[in-house]
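Trainee: Encoded as structure tokens, here's the structure I'll be asking about.
There are 4 protein chains.
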Amino acid sequence: MAMVCLSDFEAYAKKYLPKIAWDYFAAGADDCTTRDENILAYKRIRFRPRMLRDVSVMDIRTKILGSEISFPVGIAPTGFHQLAWPDGEKSTARAARAMNTCYIASTYSTCTLEEISAAAPGGLRWFQLYIHRNRAASQQLVRRAEALGFQGLVLTADLPYTGKRRDDVRNGFRLPPHMKVKNLERAFEVCKMSPLDPSVTWNDIYWLRSLTRLPIIIKGILTREDAELAVRHGVQGIIVSNHGGRQLDEGPATIDALVEVVEAVRGRVEVYVDGGIRKGSDVLKALALGAKCVFIGRPALWGLAYKGEEGLQDVLRILQDEFRLSMALAG
Amino acid sequence: MAMVCLSDFEAYAKKYLPKIAWDYFAAGADDCTTRDENILAYKRIRFRPRMLRDVSVMDIRTKILGSEISFPVGIAPTGFHQLAWPDGEKSTARAARAMNTCYIASTYSTCTLEEISAAAPGGLRWFQLYIHRNRAASQQLVRRAEALGFQGLVLTADLPYTGKRRDDVRNGFRLPPHMKVKNLERAFEVCKMSPLDPSVTWNDIYWLRSLTRLPIIIKGILTREDAELAVRHGVQGIIVSNHGGRQLDEGPATIDALVEVVEAVRGRVEVYVDGGIRKGSDVLKALALGAKCVFIGRPALWGLAYKGEEGLQDVLRILQDEFRLSMALAG
Amino acid sequence: MAMVCLSDFEAYAKKYLPKIAWDYFAAGADDCTTRDENILAYKRIRFRPRMLRDVSVMDIRTKILGSEISFPVGIAPTGFHQLAWPDGEKSTARAARAMNTCYIASTYSTCTLEEISAAAPGGLRWFQLYIHRNRAASQQLVRRAEALGFQGLVLTADLPYTGKRRDDVRNGFRLPPHMKVKNLERAFEVCKMSPLDPSVTWNDIYWLRSLTRLPIIIKGILTREDAELAVRHGVQGIIVSNHGGRQLDEGPATIDALVEVVEAVRGRVEVYVDGGIRKGSDVLKALALGAKCVFIGRPALWGLAYKGEEGLQDVLRILQDEFRLSMALAG
Amino acid sequence: MAMVCLSDFEAYAKKYLPKIAWDYFAAGADDCTTRDENILAYKRIRFRPRMLRDVSVMDIRTKILGSEISFPVGIAPTGFHQLAWPDGEKSTARAARAMNTCYIASTYSTCTLEEISAAAPGGLRWFQLYIHRNRAASQQLVRRAEALGFQGLVLTADLPYTGKRRDDVRNGFRLPPHMKVKNLERAFEVCKMSPLDPSVTWNDIYWLRSLTRLPIIIKGILTREDAELAVRHGVQGIIVSNHGGRQLDEGPATIDALVEVVEAVRGRVEVYVDGGIRKGSDVLKALALGAKCVFIGRPALWGLAYKGEEGLQDVLRILQDEFRLSMALAG
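Quick note, the sequences are listed as chains A, S, Y and R, same order. All letters in the first sequence, in the order written, are residues 1 to 331 by this note's numbering. All letters in the second sequence, in the order written, are residues 332 to 662 by this note's numbering. All letters in the third sequence, in the order written, are residues 663 to 993 by this note's numbering. All letters in the fourth sequence, in the order written, are residues 994 to 1324 by this note's numbering.
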């Protein structure tokens, strides 16, 4: 089976992953309308291709918060990479470094931050976090990430509670016994209810700010109003995201929301987007609409499921080639 | 089979109900366009989710015509509950009371008003009625309902004649011999033709008003013009409804009609809506567009078909949980 | 098999007619886009139903060019009724008379005008004609129709050449040897090429006018410009029609074209419409948009195919009942 | 199997061509969205048919850059005709001459320009070229074409790099050993990398101009901005084209782009269009929107695959008949 485009990796993962893992990665909230809209919205956007421009040399490198990456596609935070590949997030970190791009490690990793760092020293990494009821747990995670050389903190704002993903409920999804949410092992001990705090507000950004000198990127913004609030509360970046359509169903597609967020932000902070990226031309569309960089979630997991770090590199390389080609063809 | 969302109850009912009963409950007029539009119209409405608001405590109680209910979802009037579950409307009444919400009992119940009242004393109930050719029959029903403690009269305005439901014609639908429209047993004796009066006009509201001190809620309004007339004729509430798409096909979806009705009413009376509610987020959309409360029809019957009052409670509980979650996630 | 709605007759005809006959009746030009659009366009039109109006008595009779019919649905001109039922147009004439409505007999009938007249004396009938290269043939037909008591002449304007109906080409469609286009038997003898004259223009209306005192109705108008021309050239009626989607594919649906034609005509002549009528509510929509009456083509043939004149009466009766019901339910 | 419309030829070719050849001809870039949009966009355009105009005599001849063709449909440049029929481009040239229309021979022909010329002396032919890294190779091709009596040079502007056609990658598409890109045999020897130059700009039109007295037609324009540039750089004609949807996916359909190009050009040069023509009425639509002539790509290959030059003539004749009929029916 030739791996020609990202759908090939999706088909492979669907075929070879255990159903419970595939379902978990594929899940969207409720009717999965928003999950699917993320993709459909890209298809509705049309290029106006220009001809006879010199496209013999193209520079596709970019910088995010000052760090150069080889092309504007990073790895979005997703949980439980060992469900896709035995080495889990260690493979992800290695692939991202090999491709010289940014990897946002999830709090819900099946490897510790320390293992991730050790697997690919020197790679560009950000750390995704939630604010926990137990603020000390959050604070400890921030300190660890900072100490390990993570270069950004990504605060997920759209998960006061977990969205309703029907297949996960049906499957009674939980991690197999040999996998653990290692970063939180100690935190879970002190907290029997859901460890995430649904009472978090914009003021908690100030608290987070006080803990660290790292840039804070807020993830999950979908409206101009919240984009304005984010800028005012001093974040350095915004990831326009609907959590892959896994939280509130029937909100906007991220590429549609990107337009109003970019407009509201007026260049004051960097804006990124995730959700629905399936082709290099999707990356070009996102950039044309004002994103500085995009992040991929499920496609990264399909790459892992195919061949670990090698498979993820394949996915990134295909996106890179397609992105470069579509830039050339669009003039 | 895990019952995770309302569609699971629908699938169960379709599988286990006798075809003639399933067809009767599922039926829409003509091509069923409006029946299906009721659902599709909800899907076209998009949220603008807001982030980082304190959603740790949410109060989802509401009041309808002064009575508190535990969350803004009641039971719409539908006929023949014994087709779904042996105890029929008695189970419905018990489930509604258990969930502390409002049940609108249909004239076409297979239990008498007295049986319904006795099954769940103290529950909040309204009574749905038509105006009969034999006005004395209508008057008698109103008196009985009032005496039994029903707290509202719901006048159905959209059934001067019964809509054409093709499957019912094909099936030659009628009640099995052991079931009866018990509330009308005596009325039917004096009236060989359809007992409903197609000559009813707005002035009959005054007649109804003269019979009772109960609030009158009119059901079946779909336009701003009729909403204005309803207010002027002194009703206390309006249920925006197209009878589940069972009367005139190719009219508006109720959630679309709600917008113009709410605008016309300008808060002078309470406005409710039924038709097409399948998820907690549908409830949130209806409330965001001005409804005070929604009523569910077919989903209640699916719950009954699954496990009687217990099944209906399951349905209500799922809607309640989904409603609360979508409120939190929408900020 | 219960015959509940017009689709049931369609299914019957598709099952029991010889394929070559079914294909001929069902055929649309090219991709059949316009044929199907005729139906889809009705579905896009929505009612605004009004409530609590006295609908106990409704008068659905109407007059077309001064003649009363029992309800506003007539029989459009279609060819070769013997392909559907042995008695052919004689059955059609009988059914139309029995239902007290208007039947437009086609030039391409498999019975003569004389046979049609004799089959149902006293019925309201119009005669559909083309203008032939051999003007004498046309003149003779007009004289015969007039002498036989036909009360209107319907000039088909949209067939300078026959549209491309792929299945007819594939099937090598022609009438079986025992059927004949009897009205034209003599005309065909003098004319080896297509008998219809593609050089006909608006001035030929004057010529037709000079031949007869019958009202002239022009069929096949789809634009405001042509509607204006038709009025100026002195026709008494316009049938908005695209020949059932059998001529130019990808023109407008007739119900959409009706709106602009009615607007242009401003009541100076009567406007009718054919194409896509499948339910009584379609009739109501056409009337609400300004048609004085509609005509049905394929559904009449399905009725014939089912049970001859009896089947066609069934079709008309269903439409009548549905029309009356939708009037009542729409208020 | 009767060959009634172009889809019949498509079905034949799909059935009888080797998969690798069918896939190559059918291929679109990425998701094939633009390939399919080319067709769908025609379907969205509606006629406003006019009646009672004298359509007994119609002249469908036209002139492109001063040369008369029998009807406004030419053969677009496509590669590798021997994949469809053993005689390859020689058959194409013969069919085009027989039908008295224009054939644009591709650089990627499997016959030499000399063979093509010799096969059908006197036919109207243009030559399609790219600008090569090796300018001498391009120059030599231009000289050969001019010397052989080709009457126009078609510069393809939308292929700085080849689009990503997934099936071709999966199939490992390359020409069978007995076929060659004969026109480039010598050029390939001096150039191991892709022979096409991605650094070409508008200024290279001046260079091309300096080589030849033939008119230059630019192919691949999709925006008003590029149309203006083309006119300013002195081309004689523009082919609105997206390379059959084989280059950048998710750009505009050509018939949609035609409108803005025609508007920008304001008659200063001739405008043609290719892509998505499947019926004679599509030709009429393109002409009504301002094209002087259309060119067909895949349908020509299907014709070849069916019966060589005879099959291609069948395709052209069907288009001609359909075009004439739709002109008559549209008035």
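By construction, the Cβ of each residue, glycine as well, lies at the ideal position given by its N, Cα and C atoms.
Does A/Val57 pass the burial test, meaning 16 or more other C-beta atoms within 10 Å, or should it be called exposed?
Mentor: Under this definition A/Val57 is an exposed residue.
Trainee: Determine the closest residue to R/Phe957 out of R/Ile1038, R/Leu1146, R/Ala1014, R/Ala1112, with distance taken between C-alpha atoms.
Mentor: There is simply no residue 957 of chain R to check, as chain R begins at 994 and stops at 1324 in what is shown.
Trainee: Rounded to whole angstroms, what is the Cα-Cα separation between S/Gly397 and S/Asp489?
Mentor: Roughly 26 Å between the two C-alpha positions.
Trainee: For A/Cys128, report the span of its beta strand (DSSP E) as first-last.
Mentor: Reading off the sequence, residue 128 of chain A comes out as Gln, not Cys. Counting along the chain, the beta strand (DSSP E) containing A/Gln128 begins and ends at 125 to 129.
Trainee: Helix, strand or coil for S/Leu486? Go by DSSP, reduced to three states.
Mentor: Here S/Leu486 sits in strand by DSSP.
Trainee: Quick one, are the C-beta atoms of Y/Ser779 and Y/Gly741 less than 8 Å apart?
Mentor: Not a contact, by the Cβ cut-off of 8 Å.
Trainee: If you draw a straight line from the alpha carbon of Y/Arg828 to that of Y/Arg836, how long is it in whole angstroms?
Mentor: Approximately 14 Å between the Cα atoms of the pair.
Trainee: Please go through the same chain and pick out, in chain order, the residues whose beta-carbon is closer than 8 Å to the beta-carbon of A/Thr62, but skip the five residues on each side of it.
Mentor: Closer than 8 Å at the Cβ level, and outside the excluded window around A/Thr62, lie Glu68, Ile69, Phe71, Pro72, Lys292, Cys293.
Trainee: Output needed in chain order: residues of the region 155 to 166 of chain A with a Cβ under 8 Å from some Cβ in chain S.
Mentor: Of all residues in the region 155 to 166 of chain A, Ala157, Asp158, Pro160, Tyr161, Gly163, Lys164, Arg166 have a Cβ within less than 8 Å of some Cβ in chain S.
Trainee: Pop quiz: S/Arg491 and Y/Val945 are said to be a contact at Cβ under 8 Å. What is the actual Cβ separation, rounded to whole angstroms?
Mentor: In the sequence on display, residue 491 of chain S carries Pro and not Arg. That belief does not hold up - the Cβ atoms of S/Pro491 and Y/Val945 are roughly 19 Å apart, past 8 Å.
Trainee: Can you find at least 3 beta carbon pairs, one from the region 1016 to 1025 of chain R and one from the region 1311 to 1318 of chain R, that sit closer than 8 Å?
Mentor: The region 1016 to 1025 of chain R, when compared against the region 1311 to 1318 of chain R, does not touch it at the 8 Å Cβ threshold.
Trainee: At 7 Å on the CB atoms, spell out the chain S contacts of Y/Ala664, in chain order.
Mentor: The answer, in chain order, is Val500, Arg501.
Trainee: Determine, using beta carbons only, whether Y/Ile883 and Y/Ile867 come nearer to each other than 8 Å.
Mentor: Going by C-beta atoms, Y/Ile883 is not nearer than 8 Å to Y/Ile867.
Trainee: Return yes when the Cβ of S/Ala558 is within less than 8 Å of the Cβ of S/Ala595, no when it is not.
Mentor: In contact: S/Ala595 and S/Ala558 (Cβ atoms closer than 8 Å).
Trainee: Kindly confirm or deny that the region 99 to 107 of chain A and the region 123 to 141 of chain A touch, where touching means at least three C-beta pairs closer than 8 Å.
Mentor: These segments touch.
Trainee: Quick one: give me the first and last residue of the alpha helix (DSSP H) that Y/Glu751 is part of.
Mentor: Counting along the chain, the alpha helix (DSSP H) containing Y/Glu751 begins and ends at 751 to 760.
Trainee: Do we get a CB-CB distance below 8 Å when we pair S/Arg379 with the residues of chain A?
Mentor: By this cut-off, S/Arg379 is an interface position.
Trainee: Pull out every residue of the region 553 to 579 of chain S whose Cβ sits closer than 8 Å to any Cβ of chain Y, in chain order.
Mentor: Listed in sequence order: Leu553, Thr554, Glu556, Asp557, Leu560, Asn573, Gln578, Leu579.
Trainee: Do the region 1243 to 1252 of chain R and the region 665 to 678 of chain Y meet, that is, are 3 or more Cβ pairs less than 8 Å apart?
Mentor: Output reads no: the region 665 to 678 of chain Y does not touch the region 1243 to 1252 of chain R.
Trainee: Measure how close the beta-carbons of Y/Gly938 and Y/Tyr674 come, nearest whole angstrom, since I'm counting them as under 8 Å.
Mentor: Not quite, the Cβ-Cβ distance comes to about 20 Å (not below 8 Å), so this is no contact.
Trainee: Kindly indicate which residue of R/Trp1078, R/Ile1053, R/Arg1041 has the alpha-carbon position closest to the one of R/Leu1297.
Mentor: Nearest of R/Trp1078, R/Ile1053, R/Arg1041 to R/Leu1297, Cα basis: R/Trp1078.
Trainee: Does the distance from the CB of R/Lys1212 to the CB of R/Ser1187 come in under 8 Å?
Mentor: Contact flag unset, no.
Trainee: Ignore the nearest five residues each way along the sequence and tell me which others in R/Leu1322's own chain have a CB closer than 7 Å to its CB.
Mentor: Counting only Cβ-Cβ distances below 7 Å, and skipping sequence neighbours, we find Pro1042.
Trainee: Identify the contact partners of Y/Lys941 in chain S, using a Cβ-Cβ distance below 7 Å as the criterion.
Mentor: The contacting residues are Asp361.
Trainee: Under 8 Å, Cβ to Cβ, is there at least one residue of chain S near Y/Arg715?
Mentor: Interface residue, yes.
Trainee: With a threshold of 8 Å between beta-carbons, can Y/Glu912 be considered close to chain R, or not?
Mentor: So, interface residue.
Trainee: What residues in its chain sit with their C-beta under 6 Å from that of A/Gly88, if we drop five residues either side in the sequence?
Mentor: Counting only Cβ-Cβ distances below 6 Å, and skipping sequence neighbours, we find His81, Gln82, Thr110, Cys111.
Trainee: Nearest CA to the CA of A/Val273: which residue from A/Pro77, A/Lys164, A/Lys90?
Mentor: Selected option, being the one with the closest Cα: A/Pro77.
Trainee: Pull the bridge partners of A/Val73 from the DSSP assignment, please.
Mentor: A/Val73 is bridged to A/Val294.
Trainee: Which whole-angstrom value describes the C-beta separation of A/Gly335 and A/Arg298, a residue pair presumed to lie in contact below a C-beta threshold of 8 Å?
Mentor: Nothing about residue 335 of chain A can be reported from this structure: the residues present for chain A run from 1 to 331 only.
Trainee: Quick check on the DSSP output: what are the complete alpha helix (DSSP H) runs of length 4 or more inside the region 1243 to 1293 of chain R, in order along the chain?
Mentor: Listed in chain order, they are 1247 to 1258, 1273 to 1281.
Trainee: Quick check on the burial criterion: 16 or more other C-beta atoms within 10 angstroms. Buried or exposed for A/Glu189?
Mentor: Because the pLDDT at A/Glu189 is just 46, under 50, the model does not fix this residue reliably, and the point stays unresolved.
Trainee: By the 10 Å Cβ neighbour count, where 16 or more other Cβ atoms means buried, how is Y/His840 classified, buried or exposed?
Mentor: It counts as exposed.
Trainee: For Y/Gln813, which residues from the same chain have a beta carbon less than 8 Å from its beta carbon, with the 5 sequence-adjacent residues on both sides left out?
Mentor: Same-chain partners within the cutoff: Leu727, Ser729, Leu786, Arg787, Trp788, Leu876, Pro877.
Trainee: What does the Cβ neighbour count give for R/Arg1037, buried or exposed, with the cut at 16 atoms within 10 Å?
Mentor: The residue is exposed, with fewer than 16 neighbouring Cβ atoms inside 10 Å.
Trainee: Can you tell me whether DSSP reads Y/Gly899 as helix, strand or coil?
Mentor: Strand.
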